[in-house]
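Counted from 1, the sequence shown has number 758 at position 294 by this note's numbering; the numbering is strictly sequential. A virtual CB, placed ideally from N, CA and C, is assigned to each residue, including glycine. Please read all numbers here as calculations on a predicted model, not as lab measurements. This report refers to the structure that appears directly beneath it.
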Amino acid sequence: MTLVPAHFLPQSQDAGSLARIAIVGRGFTGLMTAIALLKTFHRPFHLVMFDPFPKIDGGESIGRPASALLNSRVRDLSVDPAARDDFRHWLETNDDWRDRGDPLSGNVDHAFVPGEVFSAYAYQRFSEALRTRADVMVQVRAESVATIGRHPQGGLSVTSGDGEQARFDTVFLATGYGLREGAEGKAGLTAAKEVQVIGGGVHAVDRALRLLAAGEASHVTLISASGFLPQPHASSAVGTVSSDRPFPNTLRGAFRHLREAANRAALEGTGWQGIMNDFRLHARELWQGLTPEERRRFKRHVKPIYDSHRNRLPLGHYDRLRQAIASGAITVRKGRVERIATNGVLLSGAAGLQVLPADRTIDCRVRPTDLDSPLFRSLLSAQLVRRDELDLGITVDRDGRALVGAGVFEGLFAMGPLGLGSLPDIDLVPQIVAQAHAAATALETWLAAAQPRTH
465 MTLVPAHFLP QSQDAGSLAR IAIVGRGFTG LMTAIALLKT FHRPFHLVMF DPFPKIDGGE
525 SIGRPASALL NSRVRDLSVD PAARDDFRHW LETNDDWRDR GDPLSGNVDH AFVPGEVFSA
585 YAYQRFSEAL RTRADVMVQV RAESVATIGR HPQGGLSVTS GDGEQARFDT VFLATGYGLR
645 EGAEGKAGLT AAKEVQVIGG GVHAVDRALR LLAAGEASHV TLISASGFLP QPHASSAVGT
705 VSSDRPFPNT LRGAFRHLRE AANRAALEGT GWQGIMNDFR LHARELWQGL TPEERRRFKR
765 HVKPIYDSHR NRLPLGHYDR LRQAIASGAI TVRKGRVERI ATNGVLLSGA AGLQVLPADR
825 TIDCRVRPTD LDSPLFRSLL SAQLVRRDEL DLGITVDRDG RALVGAGVFE GLFAMGPLGL
885 GSLPDIDLVP QIVAQAHAAA TALETWLAAA QPRTH
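Now the structure itself:
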């Protein structure tokens, strides 16, 4: 499918002279990258978007059903970093969603909305941005990408799943991360007495609560590898907590600073959420200064706690979770799932290996980038990317440029969650949006400085 504005008039009548850009992935990260290119990249271009299973999601809420609430507030969901209130204005003026009677009374900035609402907003902003660009052609291909390598005529060669090859000036990897394939089967057909939900994140908790609410389970066992579950948002949106003290530059010092700030907040009766928001503003600079051993220690010991406090549940969901645990409707088990069978799981925990039987098992774990897939094997083999030192994804700079050496950039970007080993919090909506616009600007600068390419 090819999308062009009504009056497609590239500056050159030769369509081959357009800058050729590919985006691999049309989920949230891919669509934000496309919007940023349409708004920020000023040269005429031909954009090809690859994805066999396109789905819009809310960053960390990947894989959720359209009707599930996103766990980011309205104030954090704008697709334009220069207009933080854009999504709120869209909600307030959109007749379709206002007539639905959604509970958005009071301060809309504090509200949480279903994923389908956000998807409609994001697609509308994409369509509007495309209509303003009479010099851009967008082609949507419902295909996977098998390999990416260097093209003999310069630029990058993309081979689709059906074997077709095409040359591009630049490629944006926007595959994000996904959910593991699980033994869920068909939902909603019959009620089950015992259901296991694997995962300790926001999606896993939401899935467990919906199973109970819909009568699809009498009891849910929630299996968290770390034993931690998401913490709640505050009752209303909070900002950051400023301090006159310089922020520590070591992992030990940073968390001592956090504990002291939390203790002060407890004495003052204020919440910890503002403290965490403040910490996240410093996280990227802190991360860049950590030694490799400190980063590995963070991954082993601190990351589960950190993730449980940054990826938060809407307060209503958190209250329902605590009530379900207190009533016995949800049981939380800590351990690593070694194997999933049709009738339960093999769990490795403090007591050793255990078989946990269940009528149904649903895998809601968020997986890291599969660097052993054919696509990433081709990139690693061609030395177009390198693994980050924690094996979380691809080494990138703050603009998403894939780096294979000091100052070496060959036109490949790895966006959003693919860069988690280099950029903490790059899987959250505001950070992905900001990175997409920064990447579009960086691309224009790079192409302007590059030698003219043969198309």
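| Check | Outcome |
| --- | --- |
| Inspect the beta-carbon positions of residue 593 and residue 879 and report whether they are closer than 8 Å. | no |
| Run through DSSP, which three-state label would residue 753 get? | helix |
| On a Cα-Cα basis, can you pick out the residue from 690, 742, 795, 543 that is closest to residue 587? | 543 |
| From the DSSP output, in three-state form, read off residue 496 for me. | helix |
| Okay, do the region 804-812 and the region 604-612 touch, 3+ Cβ pairs below 8 Å being the bar? | no |
| Could you tell me the alpha carbon to alpha carbon distance between residue 734 and residue 857, rounded to whole angstroms? | 36 Å |
| Does the contact criterion of 3 or more C-beta pairs under 8 Å hold for the region 544-558 versus the region 895-902? | yes |
| Quick check on the DSSP output: what are the complete alpha helix (DSSP H) runs of length 4 or more inside the region 776-858, in order along the chain? | 779-791, 838-845 |
| What did DSSP end up calling residue 511 once you bin it into helix, strand or coil? | strand |
| Would you mind stating whether residue 881 and residue 640 have Cβ atoms separated by less than 8 Å? | yes |
| Please report the distance separating the alpha-carbon of residue 552 from that of residue 496. | 17 Å |
| Give the straight-line distance between the Cα atoms of residue 663 and residue 830, rounded to the nearest whole angstrom. | 8 Å |
| Measuring only the C-alpha atoms, how far is residue 631 from residue 795? | 52 Å |
| Helix, strand or coil for residue 768, going by three-state DSSP, please let me know. | helix |
| Tell me whether the beta-carbon of residue 612 lies closer than 8 Å to the beta-carbon of residue 839. | yes |
| With a 10 Å radius around its C-beta and 16 neighbouring C-beta atoms as the bar for buried, classify residue 791 as buried or exposed. | exposed |
| Strictly by DSSP, which residues pair up with residue 613? | 621 |
| Threshold first: 3 residues or longer. Then list the beta strand (DSSP E) segments lying entirely within the region 660-729, N to C. | 681-688 |
| Anyone know if the C-beta pair for residue 482 and residue 510 falls short of 8 Å? | yes |
| Can you check which of these residues, 798, 555, 657, 712, is closest to residue 571 by C-alpha distance? | 555 |
| Excluding the 5 residues flanking residue 907 on each side, which residues of the same chain have their C-beta closer than 7 Å to its C-beta? | 505, 634 |
| I need the straight-line Cα distance from residue 957 to residue 688, nearest angstrom please. | The question about residue 957 has no answer here: the residues shown for the chain are numbered 465 through 919. |
| Just checking my contact of residue 576 with residue 537 at CB under 8 Å: how many whole Å lie between their CB atoms? | 6 Å |
| Please classify residue 660 as buried or exposed, where buried requires at least 16 other C-beta atoms within 10 Å of its C-beta. | buried |
| Quick check on DSSP: helix, strand or coil for residue 534? | coil |
| In this structure, does DSSP put residue 501 in helix, strand or coil? | helix |
| Compute the beta-carbon to beta-carbon distance between residue 804 and residue 825, rounded to the nearest angstrom, for a pair I have assumed lies under 8 Å. | 6 Å |
| Return the CA-CA distance between residue 438 and residue 873, expressed in angstroms with no decimal places. | The structure shown does not extend to residue 438, since the chain is modelled only from 465 to 919, so the question has no answer here. |
| From which residue to which residue does the beta strand (DSSP E) around residue 897 run? | Premise fails: residue 897 lies in the alpha helix (DSSP H), 893-913, not in any beta strand (DSSP E). |
| What residues match up with residue 487 in a beta bridge as DSSP calls it? | 513, 636 |
| Taking the DSSP output, what are the residues bridged to residue 860? | 866 |
| With burial defined as no fewer than 16 other Cβ atoms inside 10 Å of the residue's Cβ, what is the status of residue 892: buried or exposed? | buried |
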